[in-house]
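So the structure is just underneath, and the comments pick up after that.
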Amino acid sequence: MPNKSLLNHCALLPLLATGALSTSALTATSAFAADEQAERESLESVVVVGVATDSEITPEQLEKQQANDLADIFRHIPSVSVGGSIGIAQKVYIRGMEDTLLNVTVDGAPQTGTLFHHIGRVSIEPELLDKVEVQSGAGEATSGPGAIGGAIRFKTKDADDLLASDEQFGARVKGAYFSNDGSKGSASVYGKLSENWGVIGSFVQVERDNMEDGDGNEILATAADQSLAFVKVSGDISENQKLTVSYEQREESGELGRRPNWYVREGDTLYPMDAERETLVANYSASLSDAVNLEVTAYDTSADMVQDGPWGLYGGNTASIGFDIRNTSSFGPHTLIYGVERRNQKVVAGGREVDSTSSISETGRVQGVYIQDHWQVSEPLMLSFGVRYDSYELTQNNFDGEFSSDDVSPNVGFSYALNDTWTLSAGHAQAVRGKEIGDSFTLDIAQIDPDLKAESVDNNELALEYAGDALALKAAVYQSTIDDVIYDEDLFENIGKLESDGFELSAAYTYDKWYLSAAYSHNDSTLNGNDIEGYEHNGLGNTRGDTLTLAVDYALTDRLDLGWNLTHVQGIDVDVLHRSVELGWIDELQTIDKPGYQVHDIYLRWQPLQDDSLAVNFAVQNLFDEHYRDHSSVGDYSDIPGWEIVSGLYEAGRDVRLSVDYRF
């Protein structure tokens, strides 16, 4: 007999192959929804434009590989990559575009602003996550403002995600050890405050020493301490109204290099650095009728970083406060989603010494309205079309610089079921992004070109999917062009055209107790026809070789799962220093080598007790001690005279991870 748990996944095999969520699977989910909440969640999930290359990551996947950071979260999605070996320096890329071009949210609260261009702007604790959704490329009108490269949506757990149906209270403690090199502990308590209300509180602490690369060399300045506190209250106001309120505080500190995402050499000075992020979010939903399915998100977020650097204590702070109000209405074959959103932002930077009087700031505002229609024209054909209007305003308070823009972003797409197993889909989407608040560490030097225009993107996708009883296949091709790219070299100006073209292939197969998947991603990212590189195009993108992932999972018993994953990245050469040649700093273009690499990971998950209260996870990341620098990190310029100090961090070598998770 086939393994029942694996067969239950077959309806979502396209999702499991690379996380891509098929419209046909979503339609089936909606059709069999048992209550109003399930129907509402299904309506929220339906996406047509760009769906073929969207992805989803589940908490089960994160637990199996004992995810600790962004690199672990996105480790096995070929179109998503993470550069930088340590949490504070990690940057996320989708199709070669940096997360500065993405709309990143936690429970609907956008994570905006850049504290320091040598650190990442996205941080999340995997322990908290209930779901991660990745939208590759510009998509539907509901994607949010400024999503010209795509979107990443983190959704955190609540009490109901952890409590069994007959439980009123629970707790979870987890301890983990990493051979390369650190430890992690977490504790969560959760329970029912009343019949309809629940609360969860979590605390996570991570302590890391310097890691070693695949050659056994110490990677200096990678030691760091991280801590996180999280509280979330959720419940039903009435039979069809729900409210959640969550608060998260995340801190990270360490003695790091002056530029944390660059390689640190023996004898280099290290500088203390502290970063903190706070996020307060309230989510309200009401499902009152076919015409009224209301969702309201309100948030207040802030992030702060201080470096005791070459010029003493200097810090930056970004803050945003805003809301998104949307409604879903069903009228016969039409499902309309429409809403309004607004975000106010501020960035402040300056000296943090006691007697310091230096301070510089920018303020900005983004607001938009949108509408998206999903029209089930016939049983096999769904059309989607929508439009959003966004306006941007920015004021540089110390330079008297100003920027404002407004524009519309239409999209159109379709999904057509050729038969019971084959689905064809295509979409075209446009999106705009005006100038938003800048990097806090360069506020004092970067002014705005009076003729600055907003960025605009055209994204086209075409996909063919097969979903059978045990086999799923998918092929997708895409082309994105961002015009009037905004960049700064002492002046924010439009510098040209960024293009990201490529294709993705995936397959998944389940048989008996086996689950096998493969995915392949090819992407070409260029700026004005030239290769993009993470050092010269910091904040825009990076060039990565073709990426292949393979995965095999085997359910040895109902309580013991084994798995193996392979990530293979093809080596490439990248021409660099185009701008330096234009400025006359160097006579001719240089070429850097990004060697190929392949990384093997294995895992074992064992639940020895009948009540599933105890779980033992064993994993080995980089099993064969591959020595490599991720292609999404800064490239190696060390052989170019005058640029010898420029190179990104190496990745960690073999890392044996053991965790014990007990629930009671």
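Letter by letter, the sequence shown follows residues 64 to 727 of my numbering.
Every residue, glycine too, gets a C-beta built ideally from N, C-alpha and C.
**Request:** Could you spell out where the alpha helix (DSSP H) holding Pro122 opens and where it closes?
**Result:** For Pro122, the enclosing alpha helix (DSSP H) starts and ends at 122–127.
**Request:** Report the partner residues of Leu456 according to the DSSP bridge assignment.
**Result:** As written in the sequence, residue 456 is Glu, which differs from the Leu given in the question. Glu456 pairs with Arg428, Ser467.
**Message:** Classify Arg496: buried if its beta carbon has 16 or more other beta carbons within 10 angstroms, exposed otherwise.
**Reply:** When all chains shown are included, Arg496 counts as buried.
**Request:** Could you tell me whether any Cβ in chain C is nearer than 8 Å to the Cβ of Glu425?
**Result:** Although the question refers to chain C, the structure presented lacks it and comprises just one protein chain.
**Prompt:** To the nearest angstrom, how far is it from the Cα of Glu499 to the Cα of Leu487?
**Reply:** Taking the straight line from one Cα to the other gives about 37 Å.
**C-beta atoms of Ala614 and His181 nearer than 8 Å** = The beta carbons of Ala614 and His181 sit no closer together than 8 Å.
**Request:** Give the DSSP-derived three-state secondary structure of Asp331 in the structure shown.
**Result:** Assigned with DSSP and collapsed to three states, Asp331 falls in coil, not helix or strand.
**Prompt:** Over what stretch of residues does the alpha helix (DSSP H) that includes Ile136 continue unbroken?
**Reply:** Secondary structure note for Ile136: its alpha helix (DSSP H) is the uninterrupted segment 133–136.
**Asked** Which residue's Cα is closest to the Cα of Ser467: Pro443, Pro473, Asp514, Ala210?
**Response** Ranking Pro443, Pro473, Asp514, Ala210 by Cα distance to Ser467 puts Asp514 first.
**Nonlocal neighbours in the same chain, by C-beta distance under 6 Å from Ile703, ignoring five residues either side** = Only Gln653 meet the Cβ criterion.
**Prompt:** Which class does Pro473 belong to by DSSP, given the choice of helix, strand or coil?
**Reply:** When DSSP states are grouped into helix, strand and coil, Pro473 belongs to the strand group.
**Between the CA atoms of Leu357 and Thr86 - distance to the nearest angstrom** = Bear in mind that a pLDDT of 33 at Thr86, under 50, signals an unreliable position, so the number given afterwards is only what the model happens to contain. Approximately 22 Å between the Cα atoms of the pair.
**Asked** What is the rounded straight-line gap between the Cα of Ala715 and the Cα of Gly233?
**Response** Here the C-alpha atom of Ala715 lies approximately 36 Å from the C-alpha atom of Gly233.
**Alpha-carbon spacing of Ala571 relative to Ser580, whole angstroms** = C-alpha separation (whole angstroms): 4 Å.
**Prompt:** Near Arg184, what residues of its chain come up, given a Cβ to Cβ distance below 6 Å and the 5 sequence neighbours on each side ignored?
**Reply:** Within its own chain, the residues whose Cβ lies closer than 6 Å to the Cβ of Arg184, once the five positions on either side in sequence are excluded, are Thr177, listed in chain order.
**Message:** Whole angstroms are fine: how far does the CA of Tyr310 sit from the CA of Gly292?
**Reply:** Here the sequence assigns Ala to residue 292, which means Gly is not the residue at that position. Rounded to the nearest angstrom, the two C-alpha atoms are 8 Å apart.
**Asked** Is DSSP giving Val641 helix, strand or coil here?
**Response** Correcting the residue identity first, residue 641 is His in this sequence and not Val. His641 falls in the helix class under three-state DSSP.
**Buried versus exposed, by CB contacts within 10 Å (16 or more), Gly395** = Classification for Gly395: exposed.
**Message:** Residues in the same chain with beta-carbon distance under 7 Å from Gln542, minus the five sequence neighbours each way, listed in chain order, please.
**Reply:** Result list for Gln542: Asn523, Asp564, in chain order.
**Request:** Mark Ala83 as exposed unless 16 or more other C-beta atoms lie within 10 angstroms of its C-beta, in which case mark it buried.
**Result:** Model confidence at Ala83 stands at a pLDDT of 36, short of 50, so the residue's coordinates are unreliable; what they give is reported in the following sentence. Here Ala83 is buried. Its C-beta has 16 or more other C-beta atoms within 10 Å.
**Message:** Assess contact between the region 685–701 and the region 140–160, defined as three or more Cβ pairs (one per stretch) separated by less than 8 Å. Is contact present?
**Reply:** Segments in contact, yes.
**Item:** Nearest residue (CA-CA) to Glu518, options Ala172, Asn380, Leu165, Asn685
**Value:** For Glu518, the closest alpha carbon among the candidates Ala172, Asn380, Leu165, Asn685 is that of Leu165.
**Message:** For Ser580, list the residues DSSP reports as bridge partners.
**Reply:** Per DSSP, the beta-bridge partners of Ser580 are Ala571, Ala614.
**Prompt:** Count the other CB atoms within 10 Å of the CB of His437; is the residue buried (16 or more) or exposed (fewer)?
**Reply:** Under this definition His437 is a buried residue.
**Request:** Enumerate in chain order the residues of its own chain whose CB-to-CB distance from Ala412 is below 6 Å, with the five nearest sequence positions on each side excluded.
**Result:** Here the set comprises Gly379, Ile423, Ser503, Leu506.
**Request:** Quick one: grab the DSSP three-state call for Pro173.
**Result:** In this structure, Pro173 counts as strand in the three-state DSSP scheme.
**Message:** For the pair the region 301–310 and the region 281–290, tell me if three or more CB-CB distances fall below 8 Å.
**Reply:** Segments in contact, no.
**Prompt:** Which first and last residues belong to the alpha helix (DSSP H) in which Ala222 is found?
**Reply:** In this chain, the alpha helix (DSSP H) harbouring Ala222 covers 222–225.
**Request:** Evaluate Val429 with the Cβ neighbour count: other Cβ atoms within 10 Å of its Cβ, from every protein chain shown; 16 or more gives buried, anything less gives exposed.
**Result:** So Val429 ends up on the buried side.
**Message:** Just verifying my parser: in three-state terms, what is the DSSP assignment at Gly27?
**Reply:** No answer is possible for residue 27: the residues shown for the chain start at 64 and end at 727.
**Request:** With a cut-off of 8 Å on the beta carbons, I'd call Tyr578 and Glu567 a contact; round off their distance for me.
**Result:** Taking a contact as a CB-CB distance under 8 Å, the pair Tyr578 and Glu567 does not count as one, their CB atoms being some 20 Å apart.
**Expected contact under 8 Å - CB spacing of Ile263 and Lys237 to nearest Å** = In fact, because the Cβ distance is near 14 Å, the residues do not count as touching under 8 Å.
**Item:** Between the CA atoms of Lys409 and Leu590 - distance to the nearest angstrom
**Value:** When the Cα atoms are used, Leu590 and Lys409 turn out to be separated by approximately 29 Å.
**Request:** Would you kindly work out how many angstroms separate the C-alpha atoms of Tyr253 and Ser265, rounded to a whole number?
**Result:** In a straight line, the C-alpha of Tyr253 is about 9 Å away from that of Ser265.
**Request:** Select from Asp553, Arg726, Leu646 the residue whose C-alpha is nearest the C-alpha of Asp675.
**Result:** Ranking the options by Cα distance to Asp675, first place goes to Arg726.
**Request:** For Lys194, collect the residues of the same chain with a Cβ closer than 6 Å to its Cβ; drop the 5 residues on either side in sequence, then sort them by chain order.
**Result:** Setting aside the 5 residues that flank it on each side, Lys194 is surrounded in the same chain by Lys218, each with a C-beta closer than 6 Å to its C-beta; the list follows chain order.
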